[in-house]
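**Q** My questions all concern the structure below.
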Amino acid sequence: MSMDDLDHAAIDAAARALEQGELVAFPTETVYGLGADAENPLAVAAIYAAKGRPQDHPVIVHLAPDAPLDYWATDIPQEAHALAAAFWPGPLTLILKRALSIPAAVSGGQDTVGLRCPSHPVAIALLRAFKAGRGGIAAPSANKFGAVSPTLAQHVRDEFSADGSVAMVLDGGASQVGIESTIVDLSRLATHGPVLLRPGHVSAEAIAAVIDQLPRAPDAAAPRASGTLESHYAPHTPVAMQDSDTLRRTLAQLDGAGRKVALIHYSEMPSTHAALRLPATPAGFAHALYAALRAMDGHGADVILVEAPPQGGDWNGVNDRLRRAAHGSTGIVHGLLNQGPVA
Ligand code: TXA
Ligand code: MG
1 MSMDDLDHAA IDAAARALEQ GELVAFPTET VYGLGADAEN PLAVAAIYAA KGRPQDHPVI
61 VHLAPDAPLD YWATDIPQEA HALAAAFWPG PLTLILKRAL SIPAAVSGGQ DTVGLRCPSH
121 PVAIALLRAF KAGRGGIAAP SANKFGAVSP TLAQHVRDEF SADGSVAMVL DGGASQVGIE
181 STIVDLSRLA THGPVLLRPG HVSAEAIAAV IDQLPRAPDA AAPRASGTLE SHYAPHTPVA
241 MQDSDTLRRT LAQLDGAGRK VALIHYSEMP STHAALRLPA TPAGFAHALY AALRAMDGHG
301 ADVILVEAPP QGGDWNGVND RLRRAAHGST GIVHGLLNQG PVA
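So in full-length UniProt numbering, spot 70 of the sequence shown is number 70, and the numbers just go up one at a time.
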């Protein structure tokens, strides 16, 4: 989508709605966001209410390109400027110390703030139209709490059109990256180094190439992040991940037991009840993953079987989301095979 294709009337209407304290869903290159004026605590509270999300979970503040970081954050390390210069606009969120003038509501009361400049042209146009480019749009992913993140405007409409909480949904087509932004915490850099709170398209190695330090996994004292809850991004149907060979055997066994399987895979597999084959690359798999989980969730299957992707740097974001989608479903395949014949 180019700048010329933008629906400027809709974007201006959305900016005015945000300025009035209303909620607007908008496309980003990662997933769709549910936006509100980051400096309006009532509007931010409305996001939590619409999502059914606990009030103490911080949300990311989205900024227009070249917005001054020091309006939002304080004690900003040089590494933050370097990462912003390298990856913005793009799928990287920086956690920094929150400026005193910024309402605590956006960070769930924590003394930090999450900042990101998205690269989707509709998001950029909206950020430039909102408060003449000087505002910030607080936006979590535009899904109900715990559900799969939306990568199409229709996903957002499906979940929110009934309750009237969202004033507008801007349509920007399918989100290109497809999984949420990488989050790196720089708020305690001097004492703790950079911390990778959520893996994503921007890998830890790519971050290390810019700041000469490999971000490490969070310890127990790290700030809470809802995207880091064990069970998250979960469809209603149980999800099980298996390596390719195990999966082929499981498919045959479940078929034999009369079970309905929905399959998400990337290599050659025997045909089954419902299946989607995704590209065998980290970027291609991530792009298609959430729409695939939603589609397979609609088949009334007993289980969604996912062919486990390879391990390693560029696959970390995808593997992280799949692990969370499958959380709580341990033993599901065994259970289905040992429940006896289907009545
Ligand atoms: O790609 C994305 O990041 C998308 C799009 C819309 O930008 N947004 C997104 O938002 O995934 P959400 O709310 O679903 O996840 C934001 C994550 C949460 O895990 C939240 O806890 C964390 O960012 N986060 C935000 N501000 C934070 C802060 N100050 N400290 C620690 N974690 C923070
Ligand atoms: Mg989310």
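We put the CB at the ideal spot given by N, CA and C, even for glycine.
From residue 122 to residue 89, what does the alpha carbon distance come to, in whole angstroms?
**A** As a working note, residue 122 is residue 122 in the sequence shown. As a working note, residue 89 is residue 89 in the sequence shown. When rounded, the distance between both Cα atoms is 12 Å.
**Q** Measuring only the C-alpha atoms, how far is residue 335 from residue 143?
**A** Counting from one through the sequence shown, the residue named residue 335 turns up at place 335. Counting from one through the sequence shown, the residue named residue 143 turns up at place 143. Residue 335 and residue 143: Cα-Cα distance of roughly 30 Å.
**Q** Counting Cβ pairs, one atom from each stretch, are 3 or more of them under 8 Å apart for the stretch 170 to 186 and the stretch 286 to 294?
**A** Judged by Cβ distances under 8 Å, the stretch 170 to 186 makes contact with the stretch 286 to 294, as three or more pairs qualify.
**Q** What do you get for residue 25, buried or exposed, if any count of 16 or more other CB atoms within 10 angstroms of its CB means buried?
**A** The residue given as residue 25 occupies position 25 in the sequence shown. Its Cβ being crowded by 16 or more others within 10 Å, residue 25 is buried.
**Q** Need the endpoints of the alpha helix (DSSP H) that residue 296 sits in, please.
**A** Along the sequence shown, read from residue 1 onward, the residue named residue 296 stands at position 296. Unbroken alpha helix (DSSP H) run through residue 296: 282 to 297.
**Q** Give the range of the beta strand (DSSP E) segment to which residue 24 is assigned.
**A** Position 24 of the sequence shown, counted from the first residue, corresponds to residue 24. Note, residue 24: beta strand (DSSP E), 24 to 26.
**Q** Mind checking whether residue 57 and residue 108 have CB atoms under 7 Å apart?
**A** Here residue 57 refers to the residue found at position 57 when the sequence shown is read from its first residue. Here residue 108 refers to the residue found at position 108 when the sequence shown is read from its first residue. Yes, the pair counts as a contact, with Cβ atoms nearer than the cut-off.
**Q** Are there 16 or more other CB atoms within 10 angstroms of the CB of residue 48, so buried, or fewer, so exposed?
**A** Residue 48 sits at position 48 when you count from the first residue of the sequence shown. Classification for residue 48: buried.
**Q** Kindly confirm or deny that the stretch 4 to 18 and the stretch 66 to 75 touch, where touching means at least three C-beta pairs closer than 8 Å.
**A** Segments in contact, no.
**Q** Count the other CB atoms, across all protein chains shown, that sit within 10 Å of the CB of residue 114; report buried if there are 16 or more and exposed otherwise.
**A** As a first step, residue 114 is located in the sequence shown; it is residue number 114 there, counting from the start. Buried, since its Cβ has 16 or more Cβ neighbours within 10 Å.
**Q** Is it the case that the Cβ atoms of residue 106 and residue 59 are separated by a distance below 7 Å?
**A** The residue given as residue 106 occupies position 106 in the sequence shown. The residue given as residue 59 occupies position 59 in the sequence shown. Their beta carbons are under 7 Å apart, which means residue 106 touches residue 59 by this criterion.
**Q** Among 34, 20, 330, which one has its Cα closest to the Cα of residue 171?
**A** Position 171 of the sequence shown, counted from the first residue, corresponds to residue 171. When each option's Cα is compared against that of residue 171, the closest is 34.
**Q** Quick one: what does DSSP say residue 253 is sitting in, helix, strand or coil?
**A** Here residue 253 corresponds to residue number 253 of the sequence shown, with the count starting at 1. In the structure shown, residue 253 sits in a helix (DSSP, three-state: H, G or I).
**Q** State yes or no: is the C-beta of residue 181 nearer than 6 Å to some heavy atom of ligand 2?
**A** Here residue 181 refers to the residue found at position 181 of the sequence shown. No, ligand 2 has no heavy atom inside 6 Å of this Cβ.
**Q** What does the Cβ neighbour count give for residue 271, buried or exposed, with the cut at 16 atoms within 10 Å?
**A** Your numbering for residue 271 matches position 271 in the sequence shown. Exposed, since its Cβ has fewer than 16 Cβ neighbours within 10 Å.
**Q** Can you name the start and end residues of the alpha helix (DSSP H) that residue 210 belongs to?
**A** To locate residue 210, count along the sequence shown from 1; it is residue 210. That run of the alpha helix (DSSP H) goes 204 to 211.
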